[in-house]
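Chains as they are written, first to last, in my numbering: chain C, 41 to 240; chain W, 41 to 240.
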DNA sequence: CGCGGTAGGTAGACTGGCCTACCTACTTAC
DNA sequence: GTAAGTAGGTAGGCCAGTCTACCTACCGCG
C-alpha cells in the first residue's frame, strides 16, 4: 500500500529524510550528540529546518533513528562478511572483520571508535538510547555465542564464557582503536581471537 | 614557601577548588562534559561562579583537571591493590581489581562505565583531553606488560601480545559493565584473566 | 593590641551567542 | 489541489564567561 516503492529520480523531490539521516550520522559521529546542533545537520544535508521536523518529531527522535541506522548498518556489514564463512571459526572471525569494516567506514577522516558506544557515553543512565546500545552489544555477543557453541557443543558453559571473552576483546580493541585513531588494535584483536578459537 | 601547609579549619574560608573538582567529577561523570553546565557545577559545589574562574581559566581547563584527577584516582586505587600482591600474576589481577574498585565508586548511583573513556567519546579527534585518555590507557597496558613480562621472561613478544589481550579484555568488560549498569562483567573478566595467566 | 590592606570568598546581573522548536510564505511534483 | 519540499525568521531558554559590589579571614606593622 506504500505509494512510493522506488526512489524518485527527480533531484528536486529527493527524500529529505535520507539526506538528514546521512548528515546526522556524520555530525553525531564526529562531534557527539550534544555537540551537534540542528542547524549544522540541516545545513550539511542541504535541507530546510522544516523538513527535519516534518520527518522527525525532535532531535531526540533523530538520535534514536541514528542509533537504529547504525545498528542496521553493522548488521549489513556482518551479513556481507558472513557470506562465504561456513565454518563456525570463520564466522567468529567474520564478526571481528565486520567491526574492522565498521571502523574503516569512518577511518578516512577522524576515526573515533564505535559510534554506538560513543553515543551511549553521552546518554544518561536510564536513557532508551542507551538501552538500545546495550541490546546491540548483547546481540553481537549472542551472535558470537551461537558460533562458539558450534565449536564447543559438548560444554555450553565453556562456550558462553568464551563468547563473553571474545565480546570483551572485540569491544576493548574497538575502544582502544578509537583512542589511537587507527585500526591496528582491531587487527591485533582478530589475531588474538583466531588464537583463542584455534587451539580448541 | 607555601604560606598555608595545612587545611584551614574555618568553614568560611574552605578551598573552593576542591569543592569544584569534586562537584565537576560527579556532574561530568553523570551527565557528560557537554551536558554539564557551569552553573550546575557551581551550584552543586556551593560556590560562586567567580570562584570557578578564580581557580580555572575556562570550562575546558576544568575538564582537563577532571581528567587528570580521575587518572590520579585510578593510580591510587591500583597502588592500594598492589600492596600485598607480590607475585606477577597477583599484580595483573590487582589491575582488574582496581578497575572494579573504580566502578564501585560510581556504582552506588548510576554506574556508567569508565569516566575517562566516556569523556574521550565526547571530545573531537585531535583534542588534548582525548590524548590524555589515550596516554592513560597506554599506561595501564604498560603496567600489565610489566607484570606479564615477569611471567614470560623468555618470550617478550608473547608477553606483549598477552598484555594487549588483557588490556582489551579489561577495557571491553568495563565498557560492557557501563552499559549493563553493574559490575558483573568486570568480575567475569577477572576470572577470564586469571584463567589466561593461570595456565602459563 | 588594634588596624588596615589584601586575597579570596559570596551573590547575582548581564552580554552575546547558540540551542530547539515553531512559524510564515513561497515553490514544485504528482 | 495537495503534499512535501524550500528559505529564513523568531521565541524563549540555556550556555560560557565577565562584571560589579560586598564580605570576611588572615598578615604585617605601628
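Where a beta carbon is used, it is the ideal one built from N, C-alpha and C, also for glycine.
With distance defined between alpha-carbon atoms, name the residue in W:209, W:93, W:98, W:109 nearest to residue 61 of chain W.
W:109
Residue 116 of chain W, buried or exposed, once every other Cβ within 10 Å from all chains shown has been counted against 16:
exposed
Residue ranges of each alpha helix (DSSP H) run of no fewer than 4 residues wholly in the segment 150-197 of chain W, ordered along the chain?
155-162, 168-191
In angstroms with no decimal places, state the Cα-to-Cα distance between residue 188 of chain C and residue 224 of chain W.
21 Å
Establish whether the CB of residue 145 of chain C and some CB of chain W are separated by less than 8 Å.
no
With DSSP run on the structure shown, which of helix, strand or coil describes residue 136 of chain C?
helix
Contact list for residue 99 of chain W against chain C, beta-carbon separation under 7 Å
Within 7 Å Cβ-Cβ: nothing; residue 99 of chain W doesn't reach chain C, min ~13 Å.
Mapping DSSP to helix, strand and coil, what is residue 75 of chain W?
coil
Would you tell me roughly how many angstroms separate the C-alpha atoms of residue 213 of chain W and residue 90 of chain C, rounded to the nearest one?
Going by C-alpha positions, residue 213 of chain W is about 42 Å away from residue 90 of chain C.
Strictly below 8 Å CB to CB, what residues from chain C border residue 209 of chain W?
Residues of chain C whose Cβ lies closer than 8 Å to the Cβ of residue 209 of chain W are, in chain order, 205, 208, 209, 212.
DSSP state of residue 55 of chain C, grouped into three classes?
Coil at residue 55 of chain C, not helix or strand.
Closer than 6 Å by C-beta to residue 59 of chain W: which residues in its own chain qualify, once you throw out the five before and the five after it? Chain order, please.
85, 87
Just mark residue 127 of chain W as buried or exposed, buried being the case when its beta carbon has 16 or more other beta carbons within 10 Å.
exposed
Using 8 Å as the limit for Cβ to Cβ distance, is residue 71 of chain W near chain C?
yes
For chain W, is any of its Cβ atoms less than 8 Å away from the one on residue 180 of chain C?
Among the CB atoms of chain W, none fall inside 8 Å of the CB of residue 180 of chain C.
Taking residue 206 of chain W as the reference, give the member of C:143, C:228, C:220, C:73 with the closest Cα.
When each option's Cα is compared against that of residue 206 of chain W, the closest is C:228.
Tell me which same chain residues have a C-beta within less than 6 Å of the C-beta of residue 71 of chain W, skipping the five on either side of it?
none
Could you tell me whether the Cβ of residue 237 of chain C comes closer than 8 Å to any Cβ of chain W?
no
For residue 240 of chain C and chain W, any beta-carbon pair shorter than 8 Å?
no
Helix, strand or coil: how does DSSP classify residue 112 of chain W here?
The three-state secondary structure of residue 112 of chain W, taken from DSSP, is helix.
Please report how far the alpha carbon of residue 231 of chain W lies from the alpha carbon of residue 80 of chain C, in whole angstroms.
46 Å
Cβ atoms of residue 165 of chain C and residue 150 of chain W: under 8 Å apart, would you say?
yes
Could you tell me which chain C residues have their CB closer than 9 Å to the CB of residue 173 of chain W, listed as they occur along the chain?
219
Short CB-CB distance (under 8 Å) between residue 66 of chain C and chain W
Under the Cβ distance rule, residue 66 of chain C does not count among the residues neighbouring chain W, no pair being separated by less than 8 Å.
Can you tell me whether residue 119 of chain C is buried or exposed, with buried defined as 16 or more other CB within 10 angstroms of its CB?
By the 10 Å Cβ count, residue 119 of chain C comes out exposed.
Which residues of chain W have a Cβ atom closer than 9 Å to the Cβ of residue 107 of chain C, listed in chain order?
Here the premise fails: no neighbours, minimum Cβ distance about 13 Å.
Among W:154, W:198, W:192, the one whose alpha carbon lies nearest that of residue 177 of chain W:
Looking only at W:154, W:198, W:192, the smallest Cα-Cα distance to residue 177 of chain W is reached by W:154.
Mapping DSSP to helix, strand and coil, what is residue 86 of chain W?
coil
Does the beta-carbon of residue 175 of chain W have 16 or more other beta-carbons within 10 angstroms, so that it is buried, or is it exposed?
exposed
Under 9 Å between beta-carbons, which chain W residues line up against residue 74 of chain C? List them in chain order, please.
72, 73, 74, 75, 162
Run down chain C in chain order and give the residues with a C-beta less than 7 Å from the C-beta of residue 81 of chain W.
Under the 7 Å cutoff, chain C gives no residues; its nearest Cβ is about 16 Å from residue 81 of chain W.
Should residue 139 of chain W and residue 226 of chain W be called a contact, given that it needs their Cβ atoms to be closer than 8 Å?
In this structure, residue 139 of chain W sits near residue 226 of chain W, with a CB-CB distance shorter than 8 Å.
Run down chain W in chain order and give the residues with a C-beta less than 8 Å from the C-beta of residue 84 of chain C.
Simply none; closest approach about 16 Å.
Considering residue 238 of chain W, what are the terminal residues of the alpha helix (DSSP H) in which it resides?
224-238
Neighbourhood of residue 73 of chain C by C-beta distance below 8 Å, restricted to the same chain and skipping five residues each side
103, 159, 162, 163
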